[in-house]
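Student: Take this structure first; my questions come after.
Spelled out as structure tokens, the structure:
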């Protein structure tokens, strides 16, 4: 009988789902994980590629392109805890899943997430500089968001079930738990592939800014999770090498804020996700590698 449930919502992730499922197989007996992939509103072969993976996983398909609905369907299909919520473009090994599960099983927390690794290879220099700053922000270091993985106990899942639908779902999940109820487990690692181009980075940040504004409006984002000019100033004072990257970080934030405002005015509800991180590195064009 499976010991851990894994829910993976996947929208047009044919390019990444095989990589994600292959990582989950590493370091764990197949029977210990009950993995459910919920292909939602896909126009590619996400479901077929997931079904072709060995050992087999359960694959469900829904017509609606909605992560919220996909997670609901996945949760209804999985009946074991702890429960792993995993994005379809994140690499997390089965061994790392077990690290996270052991922490929760000890009763130390209701929710846990792995340490993130953001590989910069193939990224343009503004993207690299942006993430040099972003990864040093205190709320980024301590929060569960931006990792593509959250593991919860049964009580933690009840906490998540009570949340309203949110565009910034990983931020909402992180903010659902106090500092004493959530942990970042350094022994576990998730590989989070960043955008490779500046345009794709801004596109991703538009979605994040929109989600943050929604969280501010409904009161679910804490003040400690916001990046202020003071936050950046203190960071640069501690690490002067980040002075240049901080300017890039601010410029990207301004561009994303303008983009989010424009999307709000026009009623644009597209996902604003980047595609460059979903293309194998050796397939990225020279243009995609430069700013």
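Numbering (our numbering), first residue to last: 128 to 418. The beta-carbon is built from N, C-alpha and C at its ideal position, and this holds for glycine as well.
1. What's the gap between the Cα of residue 338 and the Cα of residue 388?
2. Quick check on residue 353: buried or exposed, where buried means 16 or more other Cβ atoms within 10 Å of its Cβ?
3. Can you tell me where the alpha helix (DSSP H) holding residue 265 begins and where it ends?
4. Residue ranges of each alpha helix (DSSP H) run of no fewer than 4 residues wholly in the region 310-370, ordered along the chain?
5. For the beta strand (DSSP E) containing residue 219, list its first residue and its last residue.
6. On the three-state DSSP scale, how would you describe residue 255?
7. Residue 274 to residue 393, Cα distance in whole Å?
8. Alpha carbon to alpha carbon, what distance is there between residue 235 and residue 416?
9. Among the candidates 404, 169, 145, whose CA atom is the shortest distance from the CA of residue 320?
10. If contacts are defined as beta-carbon pairs under 8 angstroms, then residue 315 and residue 242 qualify, I think. What distance do you get, rounded to the angstrom?
11. Which full runs of the beta strand (DSSP E) of 3+ residues lie inside the region 143-185, going along the chain?
12. Pop quiz: residue 170 and residue 140 are said to be a contact at Cβ under 8 angstroms. What is the actual Cβ separation, rounded to whole angstroms?
13. Quick check: what's the CA-CA separation for residue 130 versus residue 193?
14. To the nearest angstrom, report how far apart residue 190 and residue 168 are at their CA atoms.
15. Consult DSSP for residue 187 and reduce its assignment to one of helix, strand or coil.
16. Who are residue 210's beta bridge partners in DSSP?
17. Report the residue from 208, 345, 145 whose alpha carbon sits nearest the alpha carbon of residue 225.
18. According to the neighbour-count rule (16 or more other Cβ atoms, all chains shown, within 10 Å of its Cβ), is residue 283 buried or exposed?
19. I need the straight-line Cα distance from residue 203 to residue 195, nearest angstrom please.
20. Classify residue 305: buried if its beta carbon has 16 or more other beta carbons within 10 angstroms, exposed otherwise.
21. Sort 377, 249, 317 by Cα distance to residue 212 and report the nearest one.
22. For residue 136, count neighbouring Cβ atoms within 10 angstroms of its own Cβ and tell me buried if that reaches 16, exposed if not.
23. Out of 386, 256, 254, which one is the CA nearest neighbour of residue 335?
24. Kindly indicate which three-state DSSP category residue 387 falls into: helix, strand or coil?
25. If residue 187 and residue 200 are in contact, beta carbons under 8 angstroms, what's the gap, nearest whole angstrom?
26. In this structure, does DSSP put residue 435 in helix, strand or coil?
27. Please list the terminal residues of the continuous beta strand (DSSP E) segment that includes residue 243.
28. Here's the rule I'm using: 16 or more other beta-carbon atoms within 10 Å means buried, otherwise exposed. How should residue 381 be labelled?
29. Report the residue from 216, 391, 310, 379 whose alpha carbon sits nearest the alpha carbon of residue 252.
30. Can you say whether residue 362 is buried or exposed, counting buried as having 16 or more other CB atoms within 10 angstroms of its CB?
31. Ends of the alpha helix (DSSP H) at residue 298?
Tutor: In this structure, then:
1. Here residue 338 corresponds to residue number 211 of the chain shown, with the count starting at 1. Here residue 388 corresponds to residue number 261 of the chain shown, with the count starting at 1. Cα-Cα distance, rounded: 12 angstroms.
2. If you number the chain shown from 1, residue 353 lands on position 226. Residue environment analysis places residue 353 among the exposed positions, since fewer than 16 neighbouring C-beta atoms fall within 10 angstroms of its C-beta.
3. Position 138 of the chain shown, counted from the first residue, corresponds to residue 265. Residue 265: member of the alpha helix (DSSP H) spanning 265-269, first to last residue.
4. You should have 325-345, 356-365.
5. As a position in the chain shown, residue 219 is number 92, starting the count at 1. From DSSP, the beta strand (DSSP E) with residue 219 extends over 217-219.
6. Numbered from its first residue, the chain shown carries residue 255 at position 128. Reduced to three states, the DSSP call for residue 255 is helix.
7. For the purposes of this step, residue 274 is taken as the residue at position 147 of the chain shown. For the purposes of this step, residue 393 is taken as the residue at position 266 of the chain shown. Those two C-alpha atoms are separated by around 30 angstroms.
8. Working through the chain shown from its first residue, we reach residue 416 at position 289. Working through the chain shown from its first residue, we reach residue 235 at position 108. With a pLDDT of 31 at residue 416, under the threshold of 50, the predicted position of this residue should be treated as unreliable, though the coordinate-derived value follows. Rounded to whole angstroms, the separation of the alpha carbons of residue 235 and residue 416 is 43 angstroms.
9. Within the chain shown, residue 320 is the residue found at index 193, counting from 1. Of the candidates 404, 169, 145, 404 places its Cα closest to the Cα of residue 320.
10. Counting from one through the chain shown, the residue named residue 315 turns up at place 188. Counting from one through the chain shown, the residue named residue 242 turns up at place 115. Beta-carbon to beta-carbon, residue 315 and residue 242 are separated by about 7 angstroms, close enough to satisfy the 8 angstroms threshold.
11. If we require 3 residues or more, the beta strand (DSSP E) runs fully inside the region 143-185 come out as 160-167.
12. As a working note, residue 170 is residue 43 in the chain shown. As a working note, residue 140 is residue 13 in the chain shown. Not really, about 11 angstroms apart at Cβ, beyond 8 angstroms.
13. Numbered from 1 along the chain shown, position 3 holds the residue referred to as residue 130. Numbered from 1 along the chain shown, position 66 holds the residue referred to as residue 193. Distance between the alpha carbons of residue 130 and residue 193 is about 27 angstroms.
14. For the purposes of this step, residue 190 is taken as the residue at position 63 of the chain shown. For the purposes of this step, residue 168 is taken as the residue at position 41 of the chain shown. Here the alpha carbons of residue 168 and residue 190 stand approximately 5 angstroms from one another.
15. In the chain shown, counting from the first residue as 1, residue 187 sits at position 60. Here residue 187 sits in strand by DSSP.
16. The residue labelled residue 210 in the question sits at position 83 within the chain shown. Under DSSP, residue 210 forms a beta bridge with 132, 279.
17. Along the chain shown, read from residue 1 onward, the residue named residue 225 stands at position 98. Considering only alpha carbons, the answer is 208.
18. Counting from 1 along the chain shown, the entry for residue 283 is found at position 156. Under this definition residue 283 is a buried residue.
19. To locate residue 203, count along the chain shown from 1; it is residue 76. To locate residue 195, count along the chain shown from 1; it is residue 68. The straight-line gap separating the alpha-carbon atoms of residue 203 and residue 195 is approximately 13 angstroms.
20. Numbered from 1 along the chain shown, position 178 holds the residue referred to as residue 305. Per the 10 Å Cβ criterion, exposed.
21. Here residue 212 refers to the residue found at position 85 when the chain shown is read from its first residue. Here the closest residue by C-alpha is 317.
22. What you label residue 136 is simply residue 9 of the chain shown in a count that begins at 1. Buried, by the Cβ-count rule.
23. Here the question's residue 335 lines up with position 208 in the chain shown. Nearest of 386, 256, 254 to residue 335, Cα basis: 386.
24. Stepping through the chain shown from its first residue, residue 387 is reached at position 260. Of the three classes helix, strand and coil, the one that applies to residue 387 here is helix, per DSSP.
25. Counting from 1 along the chain shown, the entry for residue 187 is found at position 60. Counting from 1 along the chain shown, the entry for residue 200 is found at position 73. The pair is a contact, with the Cβ atoms about 6 angstroms apart (cut-off 8 angstroms).
26. Residue 435 cannot be examined here, being either before or after the span of the chain that is shown, 128 to 418.
27. Residue 243 sits at position 116 when you count from the first residue of the chain shown. Taken as a continuous stretch (DSSP letters only), the beta strand (DSSP E) holding residue 243 covers 238-244.
28. Your numbering for residue 381 matches position 254 in the chain shown. Using a 10 angstroms sphere on the CB of residue 381, the tally of other CB atoms stays under 16, which defines it as exposed.
29. By 1-based counting over the chain shown, the position of residue 252 is 125. Distance from the Cα of residue 252 is smallest, within the candidate group 216, 391, 310, 379, for 379.
30. For this step, residue 362 is matched to residue 235 along the chain shown. Of the other Cβ atoms in all chains shown, 16 or more fall within 10 Å of the Cβ of residue 362; this residue is therefore buried.
31. Indexing the chain shown from 1 puts residue 298 at position 171. Run containing residue 298: 296-302, per the alpha helix (DSSP H) assignment.
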